[in-house]
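For the sequence shown, counting from 1, position 207 maps to 207 in UniProt numbering; every step adds exactly one. Ideal Cβ positions, reconstructed from N, Cα and C, are used throughout, including at glycine. If you're wondering where the values come from, they're calculated on a predicted model, not measured in any experiment. Report on the structure given below.
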Amino acid sequence: MPALRTAAEFSGGEGMAWRNGIAWWDEIDGSEEWQRGIFYALCAAYSLVSLVALVQLIRIHLRVPEYGWTTQKLFHLMNFVANGLRAVLFGFYHRVFLLKSKALEMALLDLPGLLFFSTYTLLVLFWAEIYHQARSLPIDKLRPTYLIINGAIYITQICIWVYVQISPKPVAIEAAKVFLAIVSFSAAFGFLIYGGRLFFMLRRFPIESKGRQKKLNEVGSVTAICCACFLMRCFVDGMVIRTQPMTWILLDSSHNHQAAMVQPSRKIWRTSWPVILIEMGKDLM
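This is the structure we're talking about:
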C-alpha cells in the first residue's frame, strides 16, 4: 500500500507539472505582451550580432585597407546584412504579418536565411582554399563553383516565390520549405567535409607548431557548431512543413486571403504566431 500511495503521489505530481506547463504555454500563446516581448528581444539580439559584424568589418578595413575586399571582409559584411535584415523583420513583425502578398511575405522571411547560407558557405570556401593550397591542389574552380551553387539556389528560390504568387497553394509553400531544408542539409554536409578535412590536416602538424592548437580548436568548434546549426535548421523546416498547413487552412477558409491578412482574427493570430516565430528565429540557432 505505501508503494501504491507513493506511485499515485508521483503520478499526481507529474500530472500537475504537465497541467502547469500547458497553462503556462496557453498564457504565452494568448498574451500579445509576451509575443511582443519575444519578438523585440530577438530583434535586439540580431541587432547586437549585426553591430558586432559591422565593428569587425571596420576594424579589419582600417588595419589592412590595401588588401581590398578579402574573404574575411565579405564574411563580416554578409553577416551584417543578414542579421540586420532579420532584426528589421523582428522589429516590424506586425507589418510583415499583414502583407497582402504571400509571396512577398515569404521572400522577406526566407531572404535572411538564404543570406545566412551564403555567408557561412563562404567560410566553407575559405577553408576549402586553405586545404587545397596545403595539398598543392588547384583552387581556380572553387570560387566559380561557389558562385554557381549560390546563383542556382537564388534563381530556384525566386522561381518558387513567383509560383507562390501565381498559385498560393499549400503544396507550393511546402515545396519552398523542402527546398530550404535541402539547402540547409547541403551546407551542413559542406562544413562536415571541408571542416573535417582541415581539422585532421591540422592534427597531423607537429605539436610544437606555432598556433596549431588554437587553430585546431577554432576549426573543430566552428565546424561542429555550424554543422549542428544547419542540421537544426533542416529539422525546423521539417517541423514547419508539418505545422503550417493548419495556418493556411485558417487563412484561406473564407476564400478571402487578402481580407484575412489585412484584418486577422485573434484565432488566426494565435494559431500562426508560433509557426512564424519558429520560421523567423531559425538563424539565431
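Query                                                                                                                                                                                 : Result
Using 10 angstroms around the beta-carbon of C227, count the other beta-carbons present and answer buried if the total reaches 16, otherwise exposed.                                 : buried
Can you give me the C-alpha to C-alpha distance between F230 and Y120, rounded to a whole angstrom?                                                                                   : 10 Å
Going by beta-carbon coordinates alone, are L89 and K73 separated by less than 8 Å?                                                                                                   : no
In three-state terms, what does DSSP make of S118?                                                                                                                                    : helix
Would you identify the three-state DSSP class for I139, choosing helix, strand or coil?                                                                                               : coil
Could you tell me the alpha carbon to alpha carbon distance between F189 and Y93, rounded to whole angstroms?                                                                         : 32 Å
Report the three-state DSSP secondary structure of V183 (helix, strand or coil).                                                                                                      : helix
Exposed or buried, which one is I153 when buried takes at least 16 other CB atoms within 10 Å?                                                                                        : buried
Since P115 and V81 should fall inside the 8 Å C-beta cutoff, what is the C-beta to C-beta distance between them, to a whole number of angstroms?                                      : Checking the displayed sequence, the identity of residue 115 turns out to be Leu instead of Pro. Indeed, because the Cβ distance is near 6 Å, the residues count as touching under 8 Å.
Can you list, in chain order, the residues of its chain whose CB lies under 8 Å from that of V219, leaving out five sequence neighbours each side?                                    : W127, G195, L198, F199, L202
Taking DSSP as the reference, what is the three-state secondary structure of P168?                                                                                                    : coil
Using the rule of at least 16 other Cβ atoms within 10 Å of the residue's Cβ for burial, across every protein chain shown, is Q213 buried or exposed?                                 : exposed
Which residue from R204, V124, A87 puts its Cα closest to that of S186?                                                                                                               : V124
Which of the three DSSP states, helix, strand or coil, is assigned to L147?                                                                                                           : helix
If you check the beta carbons only, do T71 and L122 fall under 8 Å apart?                                                                                                             : yes
Determine the direct distance from the alpha carbon of W34 to that of E105, and round the result to whole angstroms.                                                                  : 23 Å
Go through its chain and collect everything with a Cβ distance to L180's Cβ below 7 Å, but skip five positions before and after it.                                                   : D110, G113, D237
Where does S101 sit, in a helix, a strand or coil, going by DSSP?                                                                                                                     : coil
Quick test of your reading: V240 and K177, contact by CB under 8 Å. State the CB separation rounded to the nearest angstrom.                                                          : 6 Å
Please work out which residues of its chain come closer than 8 Å, Cβ to Cβ, to Q133, disregarding the five sequence neighbours upstream and downstream, and give them in chain order. : I139
Which whole-angstrom value describes the C-beta separation of A107 and C43, a residue pair presumed to lie in contact below a C-beta threshold of 8 Å?                                : Not quite, the Cβ-Cβ distance comes to about 19 Å (not below 8 Å), so this is no contact.
Looking at C-alpha atoms only, which residue of P144, L85, K102 is the closest neighbour of L48?                                                                                      : L85
Taking the Cβ atom as the reference point for each residue, do E129 and L142 lie within a distance shorter than 8 Å?                                                                  : yes
What separation, rounded to the nearest whole angstrom, lies between the Cα atoms of I173 and F235?                                                                                   : 16 Å
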